[in-house]
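**Q** Please find one structure pasted underneath; my questions will follow.
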Amino acid sequence: MKTLKELMQRYFETILVSTIVLILLFIDIFIVNKMAFLYFYFLPVLVAGYYIGKRGAVLTSTMTIALVALRVLISPGTFIINMQGTFDLYFQLVIWGGFLVLSSYVVGRLYEEKEDQYQNLRQSYVGVIEILVKYIESVDKYTKGHSVRVADIGMDISIAMGLSREECENVRVAGLLHDVGKIEVSMDLIKKAATLTKDEKDAMSKHPEKGAKILSKVGNVLSEAVPIILAHHEYFDKQGSEKGKKVDMPLGARIIAVADTYDAIITDRPYRKGKLPWQALEEIEKFSGTQFDPEVVDAFRHVVKNYMEGDHVESLVTQQ
119 MKTLKELMQR YFETILVSTI VLILLFIDIF IVNKMAFLYF YFLPVLVAGY YIGKRGAVLT
179 STMTIALVAL RVLISPGTFI INMQGTFDLY FQLVIWGGFL VLSSYVVGRL YEEKEDQYQN
239 LRQSYVGVIE ILVKYIESVD KYTKGHSVRV ADIGMDISIA MGLSREECEN VRVAGLLHDV
299 GKIEVSMDLI KKAATLTKDE KDAMSKHPEK GAKILSKVGN VLSEAVPIIL AHHEYFDKQG
359 SEKGKKVDMP LGARIIAVAD TYDAIITDRP YRKGKLPWQA LEEIEKFSGT QFDPEVVDAF
419 RHVVKNYMEG DHVESLVTQQ
């Protein structure tokens, strides 16, 4: 059921456009003046341009023209109403089809220009916050580079799972910013993580909420990363969280949870030495199905194998 839901979310725009086209084709059967009804086909084309972009819009308009042309060839008589003949019909269809393709191109182009501006603005926000995170992490050699590594590992897992480019980028951004809430957490608490009191643990555990709150202040620019950051400390089975929250954990959060844990295990800390990649993998596999998503762990297994084949066998801190 969850796989179907994720599939619907991923291809929502395509499904929406296809559904509108099919509904219009069905209604068209019962319409007498079919030439007048043809202009309703601008609706799915404009929706495709707005949500999918130029390529999707032009493809939708081309397929719509092909379907209408097929109907004309099968039953031309139903289209020839108040016209002089077949030539007049084809002339009207060519004009209609031309405007349909032109509209799809213009709307799709406007969408892509708007999307480019949005991505540039998004990268600007991410760049500024990434610099801030690197500056904060540079204070402590044990956390230096942690967010960048989590982002890279999260990206590798996302690619291994076959996620779209946009989804991979959202995971990367969330990885870079997943600990941004620690800006408000004392560095002393971070350094003494092994011996925290209950009150200090509560303060540390609130950093995902604080991070989400910080990113929410930049509006919709980083909105895709907020749910991932907010839930990346939750448990996959919804039972293990200290707060007992039962929420629908985003896939990106499940990926960051594995990436964050892996980097924490292989990195040296003040109270212990970092473990080897295969040892970290074994630790994560123990909690597959409870703390971690089994599908993510399975993809991560292939990622770690690539790391080990690349001789990534030392703790990352000692490599710096």
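In the numbering used here, each residue's number is its place in the sequence shown (first place is 1) plus 118. Idealized CB from N, CA, C, for every residue including glycine.
Rounded to a whole number of angstroms, what is the C-alpha to C-alpha distance between PHE158 and LYS404?
**A** In the sequence shown, counting from the first residue as 1, residue 158 sits at position 40. In the sequence shown, counting from the first residue as 1, residue 404 sits at position 286. Approximately 56 Å between the Cα atoms of the pair.
**Q** Less than 8 Å between C-beta atoms, sequence neighbours within five positions excluded: which residues of the same chain meet that for LEU218?
**A** As a first step, residue 218 must be located in the sequence shown, where it is residue number 100. Correct list, in chain order: TYR159, PHE160, VAL163, SER179, THR182, ILE183.
**Q** Just checking my contact of ILE383 with LYS393 at CB under 8 Å: how many whole Å lie between their CB atoms?
**A** Start at 1 with the first residue of the sequence shown, and residue 383 comes out as number 265. Start at 1 with the first residue of the sequence shown, and residue 393 comes out as number 275. Indeed they touch by this definition, with Cβ atoms about 5 Å apart.
**Q** Buried or exposed: THR137, going by 16 or more other Cβ atoms within 10 Å of its Cβ?
**A** By one-based count along the sequence shown, residue 137 stands at place 19. It is exposed - the Cβ of THR137 has fewer than 16 other Cβ atoms within 10 Å.
**Q** So what's SER282 in DSSP terms, helix, strand or just coil?
**A** Counting from one through the sequence shown, the residue named residue 282 turns up at place 164. Looking at SER282 - three-state DSSP - the assignment turns out to be coil, as it is neither helix nor strand.
**Q** With DSSP run on the structure shown, which of helix, strand or coil describes PHE410?
**A** As a working mapping, residue 410 is identified with position 292 in the sequence shown. The answer is strand: DSSP assigns PHE410 an E or B state.
**Q** Is the distance from the Cβ of LEU211 to the Cβ of VAL176 below 9 Å?
**A** For this step, residue 211 is matched to residue 93 along the sequence shown. For this step, residue 176 is matched to residue 58 along the sequence shown. Contact flag unset, no.
**Q** I think ILE374 touches ALA292, with their Cβ atoms under 8 Å apart; what is that distance to the nearest whole Å?
**A** If you number the sequence shown from 1, residue 374 lands on position 256. If you number the sequence shown from 1, residue 292 lands on position 174. Right, the Cβ-Cβ distance comes to about 6 Å (below 8 Å), so this counts as a contact.
**Q** So if DSSP puts ARG173 in a beta bridge, which residue, or which two residues, is it bridged to?
**A** To locate residue 173, count along the sequence shown from 1; it is residue 55. Paired residues: none, contrary to the question.
**Q** Would you give the residue range spanned by the alpha helix (DSSP H) that THR379 belongs to?
**A** Working through the sequence shown from its first residue, we reach residue 379 at position 261. From DSSP, the alpha helix (DSSP H) with THR379 extends over 369–384.
**Q** Mind checking PHE354: buried by the 16 CB within 10 Å criterion, or exposed?
**A** Against the sequence shown, residue 354 aligns to sequence position 236. By the 10 Å Cβ count, PHE354 comes out buried.
**Q** Assuming SER265 contacts ASP297 (C-beta within less than 8 Å), just tell me the rounded distance between them.
**A** Within the sequence shown, residue 265 is the residue found at index 147, counting from 1. Within the sequence shown, residue 297 is the residue found at index 179, counting from 1. The pair is a contact, with the Cβ atoms about 6 Å apart (cut-off 8 Å).
**Q** With distances taken between CB atoms, is the gap from ASN288 to ALA343 smaller than 9 Å?
**A** Reading the sequence shown from its first residue, position 170 is the one you call residue 288. Reading the sequence shown from its first residue, position 225 is the one you call residue 343. Yes, they are a contact pair.
**Q** Going by the beta-carbon positions, is the gap between SER276 and ARG290 smaller than 9 Å?
**A** Taking the sequence shown and counting its residues from 1, the one referred to as residue 276 is at position 158. Taking the sequence shown and counting its residues from 1, the one referred to as residue 290 is at position 172. In contact: SER276 and ARG290 (Cβ atoms closer than 9 Å).
**Q** Considering GLU401, what are the terminal residues of the alpha helix (DSSP H) in which it resides?
**A** The residue labelled residue 401 in the question sits at position 283 within the sequence shown. Counting along the chain, the alpha helix (DSSP H) containing GLU401 begins and ends at 395–404.
**Q** Just mark ARG283 as buried or exposed, buried being the case when its beta carbon has 16 or more other beta carbons within 10 Å.
**A** On the sequence shown, residue 283 is found 165 positions in, with the first residue counted as 1. ARG283 should be labelled exposed.
**Q** With PRO345 as the anchor, note down where its alpha helix (DSSP H) starts and where it stops.
**A** For the purposes of this step, residue 345 is taken as the residue at position 227 of the sequence shown. Residues 343–349.
**Q** Measuring CA to CA, which of GLU427, PHE205, ILE271, LEU399 is closest to ALA371?
**A** Along the sequence shown, one-based indexing puts residue 371 at 253. The option with the nearest alpha carbon to ALA371 is ILE271.
**Q** Measure the Cβ-Cβ separation of LYS172 and ARG227 and say whether it is below 9 Å.
**A** If you number the sequence shown from 1, residue 172 lands on position 54. If you number the sequence shown from 1, residue 227 lands on position 109. Result yes, Cβ atoms of LYS172 and ARG227 sit closer than 9 Å.
**Q** Do you know how far the Cα of ILE147 is from the Cα of ALA269?
**A** Numbered from 1 along the sequence shown, position 151 holds the residue referred to as residue 269. Numbered from 1 along the sequence shown, position 29 holds the residue referred to as residue 147. Using only the alpha carbons, I get a separation of about 52 Å.
**Q** Where DSSP assigns a beta bridge to ARG390, which residues make up the other side?
**A** Within the sequence shown, numbered from 1, the residue matching residue 390 stands at position 272. Paired residue(s): ARG387.
**Q** Could you compute how far the alpha carbon of LEU369 sits from the alpha carbon of ILE213?
**A** The residue given as residue 369 occupies position 251 in the sequence shown. The residue given as residue 213 occupies position 95 in the sequence shown. Taking the straight line joining both Cα atoms gives about 46 Å.
**Q** Give the DSSP-derived three-state secondary structure of ILE149 in the structure shown.
**A** Position 31 of the sequence shown, counting from 1, holds the residue named residue 149. Residue state, collapsed to three classes: coil.
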